[in-house]
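Residue numbers (the numbering used here), protein chains in the order written: chain A, 162 to 429; chain B, 38 to 129. Even for Gly, the Cβ is constructed at its ideal location relative to N, Cα and C. Bear in mind that the values here come from a model prediction, so they are computed numbers and not experimental data.
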């Protein structure tokens, strides 16, 4: 068959025949193939463990990012309560970025989970094939002449070899994806580290690169509407009235007054 | 005939399915050569679905090489194109 599929199988078959050419004695070829299969099975197990480790690390980062969202929200409230609307806006912009990242991290982790399941299934399939190869190699060694054995070996080894190549490919793809996710998560962590309240207070003198990036990344309309909502919740109509926050809070909302109260103490 | 979807597994298809498969394959190839990503994505998806729908999964204890090996279902257009530059998805 020409085209895409033909090329793929040609590449795999060439790889396998290269593997088989290394030994000339049929019994030796069989043992060599079997030994290679066992080695790969070990590698697959290690590969799955790597994927699991990376997934756990991403889940950890996901949790940190969740905490960061909560923290930035609190900081925005605190800043607003203290009358610093610019600071509140910056915090909300960062929160917006963190939330977007969180969403993509969520779906990436789900993808990784699926890949892990698939690889575990592949490992079991490969194990079954290797077991089949092991029993077949004893039959071939016992029952066939050297010439016949060569043909039988080639058939069996190609079957297992293809499975091996395929599992190897699946593993490589899973690990590549994991690497990409890690790089992305690391970049987010840098943003996260920059998003502390202490840093935000320094912004009065001017914006740094990260802030400009953040502004570009985040949807300002979302930030503005959230800011408006927060203002309404805090009951602070204008930033100048922030000093009298306690008095300005509607009597019907004691919970929010409580929230605004202590934040004033923490504000710079 | 036995068809493998790379990273997924082997399926057994009838000889009469082979023609339809070949037709889809040729369309995928020409989409790739014509750098038509959208058409490639659609055709390749159709190709994979065809194998999943018409094929019987091959038993785990059967040691048979595939007649045809398709790239992984999540193959990117760039990877698919590289497949035609000779190096292939699984470099020697």
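* To do: Pick helix, strand or coil for residue 99 of chain B, following the three-state DSSP scheme.
  => The answer is coil: DSSP assigns residue 99 of chain B none of H, G, I, E or B.
* **Per DSSP, the bridge partner or partners of residue 109 of chain B** => Answer is none; residue 109 of chain B lacks a bridge partner.
* Asked: Would you call residue 99 of chain B buried or exposed, if buried means 16 or more other Cβ atoms sit within 10 Å of its Cβ?
  -> By the neighbour-count rule (16 or more Cβ atoms within 10 Å), residue 99 of chain B is not buried but exposed.
* How would you list, in chain order, the residues of chain A whose beta-carbon sits under 7 Å from the beta-carbon of residue 50 of chain B? -> Near residue 50 of chain B there are no residues of chain A at all, since even the closest Cβ is about 12 Å away, more than 7 Å.
* Identify whether residue 329 of chain A lies in helix, strand or coil by the three-state DSSP scheme. => In the three-state DSSP reduction, residue 329 of chain A falls in the helix class (H, G or I).
* Asked: Should residue 290 of chain A be flagged as near chain B, meaning a C-beta pair shorter than 8 Å?
  -> It does: the Cβ of residue 290 of chain A has a partner Cβ on chain B nearer than 8 Å.
* **Span separating the alpha-carbon of residue 299 of chain A from that of residue 325 of chain A** => If I take the Cα positions, the gap works out to 20 Å.
* Whole beta strand (DSSP E) runs in the stretch 214 to 280 of chain A with 3 or more residues, listed along the chain? -> Complete beta strand (DSSP E) runs here, min 3: none at all.
* **Identified DSSP bridge partners for residue 46 of chain B** => Per DSSP, the beta-bridge partners of residue 46 of chain B are B:42.
* Asked: When DSSP builds the beta bridges, which residues end up paired with residue 24 of chain B?
  -> Nothing can be reported for residue 24 of chain B, as the shown portion of chain B is limited to 38 through 129.
* To do: For residue 327 of chain A, return the contacting residues in chain B, with the cut-off set at a CB-CB distance below 7 Å.
  => Going along chain B in sequence order, the residues near residue 327 of chain A (Cβ under 7 Å) are 41, 43, 44.
* To do: Return the CA-CA distance between residue 251 of chain A and residue 269 of chain A, expressed in angstroms with no decimal places.
  => The alpha-carbon atoms of residue 251 of chain A and residue 269 of chain A are separated by roughly 27 Å.
* What do you reckon, are the CB atoms on residue 321 of chain A and residue 301 of chain A nearer than 8 Å? -> The Cβ-Cβ distance between residue 321 of chain A and residue 301 of chain A does not fall below 8 Å.
* Short Cβ contact (8 Å threshold) for residue 332 of chain A with residue 244 of chain A -> No, the Cβ-Cβ distance between residue 332 of chain A and residue 244 of chain A is not below 8 Å.
* Would you say residue 284 of chain A and residue 216 of chain A are within 8 Å of each other, going by their C-beta atoms? -> Going by C-beta atoms, residue 284 of chain A is not nearer than 8 Å to residue 216 of chain A.
* **Distance between beta carbons of residue 38 of chain B and residue 105 of chain B, contact taken as under 8 Å** => 7 Å between Cβ atoms; contact.
* Asked: Are three or more beta carbon pairs between the stretch 40 to 47 of chain B and the stretch 60 to 72 of chain B nearer than 8 Å?
  -> By the Cβ criterion, the stretch 40 to 47 of chain B is not in contact with the stretch 60 to 72 of chain B, since fewer than three pairs of Cβ atoms, one from each stretch, lie closer than 8 Å.
* Got a sec? Which residues, its chain only, sit under 6 Å from residue 68 of chain B by beta carbon, not counting five neighbours each side? -> The residues are 76, 77, 80.
* Asked: Would residue 222 of chain A pass as a contact of residue 287 of chain A if the rule is Cβ separation under 8 Å?
  -> No, these two residues do not count as a Cβ contact at 8 Å.
* **Contact belief for residue 237 of chain A with residue 249 of chain A at Cβ below 8 Å, rounded distance in angstroms** => So it is a contact: roughly 5 Å between Cβ atoms.
* For the putative contact between residue 323 of chain A and residue 41 of chain B, defined by C-beta atoms under 8 Å, what is the C-beta separation to the nearest angstrom? -> Under the criterion of beta carbons closer than 8 Å, residue 323 of chain A and residue 41 of chain B qualify as touching, at roughly 7 Å.
* Asked: How about residue 275 of chain A: is its C-beta nearer than 8 Å to some C-beta of chain B?
  -> At a cut-off of 8 Å between C-beta atoms, residue 275 of chain A does not count as an interface residue with respect to chain B.
* Applying a beta-carbon distance threshold of less than 8 Å, which residues of chain A neighbour residue 109 of chain B? -> Within chain A, the C-beta atoms nearer than 8 Å to that of residue 109 of chain B come from 330, 331, 334, in chain order.
* Would a C-beta distance cut-off of 8 Å place residue 329 of chain A and residue 202 of chain A closer than the cut-off? -> No; because the gap between Cβ atoms is not below 8 Å, this pair is not in contact.
* Asked: Once you ignore the five residues that flank residue 93 of chain B on each side, which residues in its own chain have a CB closer than 6 Å to its CB?
  -> Within the same chain, residue 93 of chain B has close Cβ partners 49.
* To do: For residue 256 of chain A, count neighbouring Cβ atoms within 10 angstroms of its own Cβ and tell me buried if that reaches 16, exposed if not.
  => Answer is buried; the Cβ neighbour count reaches 16.
* Whole angstroms is fine: what's the gap from residue 394 of chain A's alpha carbon to residue 219 of chain A's? => Answer to the nearest angstrom: the Cα atoms are 34 Å apart.
* Asked: Taking the alpha-carbon positions, what's the residue 191 of chain A to residue 210 of chain A distance?
  -> One C-alpha to the other measures close to 29 Å.
* Going by other Cβ atoms of all chains shown within 10 Å of its Cβ, with 16 needed for buried, is residue 103 of chain B buried or exposed? -> With 16 or more other CB atoms across the displayed protein chains lying within 10 angstroms of its CB, residue 103 of chain B is buried.
* Quick one: using the 10 Å Cβ neighbour count with 16 as the cut-off for buried, is residue 247 of chain A buried or exposed? => Answer is exposed; the Cβ neighbour count stays below 16.
* Asked: Can you tell which of A:388, A:341, A:195 has its C-alpha closest to the C-alpha of residue 289 of chain A?
  -> Selected option, being the one with the closest Cα: A:195.
* Asked: CB residue 230 of chain A to CB residue 335 of chain A, shorter than 8 Å?
  -> Not closer than 8 Å, so no.
* **Helix, strand or coil at residue 306 of chain A [DSSP, three-state]** => Annotated three-state conformation of residue 306 of chain A is coil, per DSSP.
* **Contact with chain A by residue 97 of chain B, beta-carbon distance below 8 Å** => Interface residue, yes.
* Cutoff 8 Å: residue 208 of chain A Cβ touching any chain B Cβ -> No, no contact with chain B.
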